[in-house]
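Structure first, commentary second.
Residue numbers (the working numbering): 1 to 288.
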């Protein structure tokens, strides 16, 4: 679980955040090679030397997105500036070089063609992110059951994500749940509405967008994880609000100590995170 969660943070678990000053600023200590993104190779001549190895895991999680389960109750006030939507996408689309050309295969071996197709400058930050996503997804697929968490998939279409989720949940089909922001802007502070917390029955398959110029979702079937739907309203303007989906990890005994220090929590207690717009939670159960 920890390896997957750390990699998702590095690859863009909070991708699209625009208010980097309103974030938990935490430096993580990798526990070993499996805790890092696979290093990029310079053999194709695309990347400067300093980008051939992963950067230190200095991560930012948007305030209000990550929280202790016990802090989710009617009237709970989220940190000022919490953003659940209206942020740029994790994979901001670039200009495509041809109008009738099919995109190159989603594979690290096609990196040069991918950068050319989307007009991404070799050596740029976006090129580094694209390469990281391709290598992460390629390694996940190649190692399969060797991963700390399974099953999992990098889905390049919503149909692929749905079919994976249904199979992982052992269901004939799966239904998507997404966070929806109501109105054209978000309030300065969100408040949990009276009776606004509803448990979502059954197992879940969360899908997180990864940095790529087209839609790519990393979907996985974690254990000891549940979901809730939370109705939020503006503290100063109740006409603003959101219907938010949050995923809660019930067993955090193996998580990095800095999570608990950051959130003022105790090791092992449930930790949740909201799934902003562009994230998806697939379910086979019903809300009660």
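Beta carbons are placed, not taken as given, at the ideal position from N, Cα and C, and that holds for glycine.
Small disclaimer: the values here were computed from a predicted structure and weren't measured.
Checklist entry - Starting from residue 65 and walking both ways along the beta strand (DSSP E), at which residues does that stretch end? => result No beta strand (DSSP E) contains residue 65, which DSSP labels as neither H nor E.
Next on the checklist: My output table needs one value for residue 218: the three-state DSSP class, helix, strand or coil.
Outcome noted: strand
Item to check | Where the beta strand (DSSP E) containing residue 267 begins and where it ends | outcome: It is not in any beta strand (DSSP E) - residue 267 carries neither H nor E in the DSSP assignment.
Item to check | Nearest candidate by alpha-carbon position, reference residue 297, set 73, 209, 79, 241 | outcome: Examination of residue 297 is not possible in this model, given that the chain is present from 1 through 288 alone.
Checklist entry - Going by the CB atoms, is the gap between residue 230 and residue 197 shorter than 8 Å? => result yes
Next on the checklist: For residue 129 and residue 189, which I take to be in contact (beta-carbon distance under 8 Å), what is that distance rounded to the nearest angstrom?
Outcome noted: Cβ atoms of residue 129 and residue 189 stay farther apart than 8 Å, at about 31 Å.
Checklist entry - Alpha carbon to alpha carbon, what distance is there between residue 163 and residue 153? => result Distance between the alpha carbons of residue 153 and residue 163 is about 11 Å.
Next on the checklist: With the cut-off set at 8 Å, would you say residue 304 and residue 179 are in Cβ contact?
Outcome noted: Limits of the chain in this structure are 1 at one end and 288 at the other, which puts residue 304 out of reach.
Next on the checklist: Let me make sure I understand the geometry here. Which of 72, 85, 121, 166 has the alpha-carbon closest to that of residue 187?
Outcome noted: 85
Item to check | Close Cβ partners of residue 268 (< 6 Å) along its chain, the five nearest in sequence each way excluded | outcome: 252, 253
Checklist entry - What did DSSP end up calling residue 121 once you bin it into helix, strand or coil? => result Residue 121 falls in the coil class under three-state DSSP.
Checklist entry - Cα-Cα, which of 279, 284, 274, 278 is closest to residue 69? => result Comparing Cα positions, the closest option is 274.
Checklist entry - With which residues is residue 105 paired in a DSSP beta bridge? => result According to DSSP, residue 105 bridges with nothing at all.
Item to check | Cut-off 6 Å between Cβ atoms - residues of its own chain near residue 67, not counting five sequence neighbours on either side | outcome: 272
Next on the checklist: Please identify the residue among 237, 205, 242, 217 whose C-alpha is closest to the C-alpha of residue 227.
Outcome noted: 205
Checklist entry - Considering only C-alpha positions, which residue in the set 172, 105, 184 is nearest to residue 155? => result 105
Checklist entry - From this set, 120, 195, 75, 111, which residue's C-alpha is nearest residue 135's C-alpha? => result 111
Next on the checklist: Let me confirm a value: residue 213 is counted as buried when at least 16 other C-beta atoms fall within 10 Å, else exposed. Which label applies?
Outcome noted: By the neighbour-count rule (16 or more Cβ atoms within 10 Å), residue 213 is buried.
Checklist entry - Using the rule of at least 16 other Cβ atoms within 10 Å of the residue's Cβ for burial, across every protein chain shown, is residue 283 buried or exposed? => result buried
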